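Inspection log for the structure reproduced underneath, given as structure tokens.
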Ligand SMILES: [Zn+2]
């Protein structure tokens, strides 16, 4: 993609050696440098898995900036639209929480230990076969998001509001179990629509004995 973009901008110039890699910035950040005739490009790893036309857009933008050529407005707009989607801004927000701050949130809360809950559920439902991601209580007391699995950082984050002995253990277990199913069933693209909870996912979720009670508890929040 970068080669094609380069050709488009500088059809007659020789193609320099290119190194393009994804990099863990604390933000959606992309850099380009010219070092000893080599072009070094670092793309935010938040863009891993981005649609091809988004990656082509960022290739164009970086190279146009590097060689002081006009940036194509349509492609710039396309890239900006993608980065500002809710999906991306949530990802970026979480990354800032995980990487941007010094404080590392831990699995051990005041009332519940997410690592222990994960391990117990792993044996109860998955024959111990799931690799444990980073388990962490959220830094904020989010009410709109109970928990989520972030594949980019292989982390399960559970809202801190549940780290409370007034919340029954099976409710915390249910939230973790739900996110473990996301580990087991990665989000698939079906056509252009993201299928987040496929039928097998939903069927397996109901194997959790207190599924209904947990749902009921959560609906009263
Ligand atoms: Zn879900």
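Residue numbers (my numbering): 556 to 776.
The beta-carbon is built from N, C-alpha and C at its ideal position, and this holds for glycine as well.
Keep in mind that this is a model prediction, so the values were computed, not measured.
- request: Could you spell out the range, first to last residue, of the alpha helix (DSSP H) harbouring residue 738?
  value: 724-739
query: Relative to the C-alpha of residue 669, which residue among 728, 587 and 626 is closest?
result: 728
- prompt: So does residue 751 have its beta carbon nearer than 8 Å to some heavy atom of ligand 1?
  reply: yes
- request: For residue 684, name the three-state secondary structure that DSSP assigns.
  value: coil
message: Please determine whether the Cβ atom of residue 642 lies at a distance below 8 Å from any heavy atom of ligand 1.
response: no
message: Between the alpha carbons of residue 674 and residue 684, how many angstroms are there, rounded?
response: 10 Å
query: By how many angstroms is the C-alpha of residue 638 removed from the C-alpha of residue 644?
result: 7 Å
- prompt: Are the Cβ atoms of residue 636 and residue 560 separated by less than 9 Å?
  reply: no
Cβ-heavy atom distance, residue 759 to ligand 1, below 8 Å: no
query: Looking at residue 734 and ligand 3, is the gap between the Cβ and the nearest heavy atom below 8 Å?
result: Looking at this structure, you won't find ligand 3 anywhere; what it does contain is ligand 1.
task: Inspect the beta-carbon positions of residue 713 and residue 705 and report whether they are closer than 9 Å.
output: no
query: Which value, in whole angstroms, describes the spacing of the CA atoms of residue 765 and residue 614?
result: 49 Å
- prompt: How would you write the range of the beta strand (DSSP E) that residue 710 sits in, first residue to last?
  reply: 710-713
message: I need the DSSP call for residue 694, collapsed to helix, strand or coil.
response: coil
query: Cα-Cα, which of 753, 583 and 707 is closest to residue 597?
result: 583
query: Would you say residue 586 and residue 617 are within 9 Å of each other, going by their C-beta atoms?
result: yes
- prompt: How long is the line joining the alpha carbons of residue 772 and residue 732, rounded to whole angstroms?
  reply: 16 Å
query: When we look at the beta-carbon of residue 657 and count the other beta-carbons within 10 Å, is it buried (16 or more) or exposed?
result: Per-residue confidence for residue 657 stands at a pLDDT of 38, beneath the threshold of 50, marking its modelled position as unreliable; the derived number appears in the next sentence. Exposed, because fewer than 16 other Cβ atoms sit within 10 Å of the Cβ of residue 657.
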